[in-house]
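Remarks on the structure that follows.
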Ligand SMILES: NC(=O)c1ccc[n+]([C@@H]2O[C@H](COP(=O)([O-])OP(=O)(O)OC[C@H]3O[C@@H](n4cnc5c(N)ncnc54)[C@H](OP(=O)(O)O)[C@@H]3O)[C@@H](O)[C@H]2O)c1
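This is the structure in structure tokens:
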């Protein structure tokens, strides 16, 4: 067992999640990293204190496995990043109920399963903790032509539960925050032309993964901050540009 802090990171095989695994390891955390196929796809240094758990985050068994590995291997759960997420745009009239269920399973049910187990363990430890989730600035600041309405039920829901849990667990010193990116350069956008993506930001730029990672690190370690949705979106939440 170690006295280092242990963080759970979902959606950790690539993109923002993989960047978080590297940075939290550099900062001396034990990391439990999970995604459906993380053991096949990740290039993490196996000699570092990282445990990889394969599984669909919408399946409660995955959360059980992740929390179990954290306790067995590292002895605590001190922080969680709910990063696993899928995104989908189509005109509202074309969404199917299966689209909604798929989005809900990963973006919302995944949040519930693992956050419940993490909070339960943090309460047992009595040392507080941090939960940070990745949402998007599109929840409250839609962009004409980016038709993500049904996907935004799920991400907007996470912003809402972030504030509600921040209040529910404030006295336990469990802080609950979110980071809301604009457009981030990850495999999620591998088929979208960069010139188009740049038009979705007032600053005319696409964020690098590390910008989002730095915001997550800040909130994870910011003792007095809870219930915050931190926009890292090159100004997109400001409105028309
Ligand atoms: N990129 C952006 O512009 C942007 C903007 C705003 C918000 N975000 C949010 O930021 C988060 C990360 O995005 P990203 O761009 O890094 O995405 P990404 O490159 O598509 O990576 C998504 C990660 O989630 C995992 N994942 C997907 N479905 C899963 C499931 N059902 N169960 C478990 N793991 C699953 C994937 O691994 P496996 O395939 O191995 O499961 C992968 O590690 C998401 O919540 C996304 O909505 C991204």
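Numbering (my numbering), first residue to last: 116 to 356.
We put the beta carbon where it would ideally sit given N, CA and C, even for glycine.
Remember, predicted model here, so these are calculated numbers, not experimental data.
For the beta strand (DSSP E) that residue 296 lies in, which residues bound it at each end?
289-296
Neighbourhood of residue 349 by C-beta distance below 7 Å, restricted to the same chain and skipping five residues each side
297, 316, 317, 318, 320 and 322
From the DSSP output, in three-state form, read off residue 306 for me.
coil
Regarding residue 304 and ligand 1, is the C-beta to nearest heavy atom distance less than 8 Å?
yes
Kindly give me the distance between the Cβ atoms of residue 244 and residue 193, rounded to whole angstroms, as I take these residues to be in contact under 8 Å.
5 Å
Residue 213 CB to nearest heavy atom of ligand 1 below 8 Å
no
Look at residue 156 and residue 168 and say whether their C-beta atoms are less than 9 Å apart.
no
Measure the Cβ-Cβ separation of residue 291 and residue 341 and say whether it is below 9 Å.
yes
Between which two residues does the alpha helix (DSSP H) carrying residue 214 extend?
212-219
Quick check on residue 355: buried or exposed, where buried means 16 or more other Cβ atoms within 10 Å of its Cβ?
exposed
Pull the bridge partners of residue 125 from the DSSP assignment, please.
149
CB residue 249 to CB residue 147, shorter than 9 Å?
no
Taking 8 Å as the cut-off, is the CB of residue 175 close to at least one heavy atom of ligand 1?
no
Beta-carbon proximity list for residue 357, same chain, < 8 Å, skipping 5 on both sides:
This structure cannot speak to residue 357, because the chain is shown only from 116 to 356.
Keeping to the same chain, check which residues put their C-beta closer than 8 Å to that of residue 117; ignore five residues upstream and five downstream.
Caution applies to residue 117, whose pLDDT of 48 falls short of 50 and renders its modelled position unreliable; the value that the coordinates give is listed next. Closer than 8 Å at the Cβ level, and outside the excluded window around residue 117, lie 145, 164, 189 and 190.
Taking a contact to mean a Cβ-Cβ separation below 9 Å, would you say residue 196 touches residue 246 in this structure?
yes
How would you label residue 198, buried or exposed, when you count the other beta carbons within 10 angstroms and need 16 or more for buried?
buried
Along the chain, where does the alpha helix (DSSP H) that runs through residue 228 open and close?
225-240
Three or more C-beta pairs below 8 Å linking the stretch 228-237 and the stretch 203-219
no
Can you tell me the Cα-Cα spacing of residue 305 and residue 275, whole angstroms?
29 Å
Do you know whose CA, among 200, 284 and 133, lies nearest residue 238's CA?
284
Looking at the strands, I want to know which residues DSSP matches up with residue 312.
Partner(s): none; residue 312 has no beta bridge.
With a threshold of 8 Å, establish whether the CB of residue 171 neighbours any heavy atom of ligand 1.
yes
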